[in-house]
Ligand SMILES: C[S@@+](CC[C@H](N)C(=O)[O-])C[C@H]1O[C@@H](n2cnc3c(N)ncnc32)[C@H](O)[C@@H]1O
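In structure tokens:
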């Protein structure tokens with residue numbers, strides 16, 4: 001499979017942490033990790049979350065998996081980077097001897113799995129790496145809320161400061177087709193007008209699609225939240241936050 005340049009290109013990857021600040025969802029994941037001893041962060045990106053979990057709870061065993069080397073290289077350089085086991089792998093093909101109390105897919109990683117078969121494959125892999133009483137938590141944007149409509153150039157313009165490049169203007173654009181959205185991410189370094197761009201494709205799988213994929217992977221949702229404030233999922237919710245465990249009824 002081809003790896004998204006947004007994550008695999010070492011210049012573009014450098015912008016990630018500055019364009020994606022720490023948010024309520026990250027706090028939620030850190031709190032959620034409190035009771036787990038072994039934690040797998042699948043699609044960990046630049047390791048922002050895994051690093052914070054390691055700093056908050058120094059006794060935990062943490063693994064971070066990502067397909068993109070450029071993201072992992074940034075992850076390794078974080079303050080707790082040396083205390084985390086980083087592995088470059090496609091999440092759908094991960095094979096570890098270790099099982100985990102908690103598996104996390106944060107920052108809408110679940111949406112990079114474009115087909116139903118891909119979603120089942122990653123969920124089966126999660127099943128394989130989950131302890132019998134373990135939990136997995138992942139978020140996917142609710143297609144009914146159509147968040148991509150806010151990704152037009154004018155609506156999405158933002159500026160951030162990068163320690164090497166100085167002020168950077170960022171924006172997106174998008175094309176939607178059925179449940180798939182291809183979006184452009186653009187960075188313009190304001191000091192020298194140099195521009196970088198990447199195009200990414202993600203899927204907005206429906207609530208029913210994800211529930212079906214979970215069942216096929218022998219997993220079951222114990223809870224589905226609609227926001228990081230913890231309210232239950234409903235049709236107008238922006239998020240679908242699935243908290244899942246192994247389905248003990250089916251073997
Ligand atoms: C939107 S970023 C989220 C990163 C991180 N979880 C966060 O919350 O900041 C998506 C990440 O998924 C990774 N990714 C994409 N496809 C993957 C795959 N098949 N297996 C593992 N990681 C993948 C990308 O390289 C990227 O780092």
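Residue numbers (the UniProt record's numbering): 1 to 251.
Note that the Cβ used here is the ideal one computed from N, Cα and C, for glycine as well.
key: Whole-number beta carbon distance between residue 42 and residue 264, since they are thought to touch under 8 angstroms   = Only positions 1 to 251 of the chain appear in this structure, which leaves residue 264 out of reach.
Between which two residues does the beta strand (DSSP E) holding residue 137 run? 130-141
Q.
If I follow the unbroken alpha helix (DSSP H) through residue 200, where does it start and stop?
A. No alpha helix (DSSP H) contains residue 200, which is instead part of the beta strand (DSSP E) from 195-203.
_Give me the residue from 249, 70, 144, 87 with the minimum Cα distance to residue 6._
70
Give me the pocket residues for ligand 1, defined as CB within less than 5 angstroms of any heavy atom, sorted by chain position. 7, 43, 45, 66, 67, 68, 71, 90, 91, 106, 107, 109, 112
For residue 185, I'd like the list of residues in its chain whose CB is within less than 6 angstroms of its CB, leaving aside the five on either flank, ordered along the chain.
6, 172, 198
- prompt: For residue 177, which three-state DSSP category applies?
  reply: strand
Review point. In whole angstroms, what separates the C-alpha of residue 220 from that of residue 190?
Key: 48 angstroms
Closest to residue 68 by CA distance: which of 45, 61, 54, 53 is it?
-> 45
Exercise. What distance in whole Å lies between the Cβ atoms of residue 226 and residue 237, which are believed to be in contact at a cut-off of 8 angstroms?
Worked result: 3 angstroms
Do residue 108 and residue 141 count as a contact pair if the criterion is CB distance below 8 angstroms?
yes
Notebook entry, point to check: Rounded C-beta distance between residue 222 and residue 193? I'm assuming under 8 angstroms.
Noted result: Residue 222 to residue 193, Cβ: 51 angstroms. No contact.
| residue 2 CB to nearest chain C CB: under 8 angstroms? | Absent here is chain C; the protein component of the structure consists of one chain.
Where do the N-terminal and C-terminal ends of the beta strand (DSSP E) with residue 240 fall, by residue? 239-246
Problem - Secondary structure of residue 36, DSSP reduced to three states - result: coil
So, residue 253 versus residue 159, is the Cβ gap smaller than 8 angstroms? Residue 253 cannot be examined here, being either before or after the span of the chain that is shown, 1 to 251.
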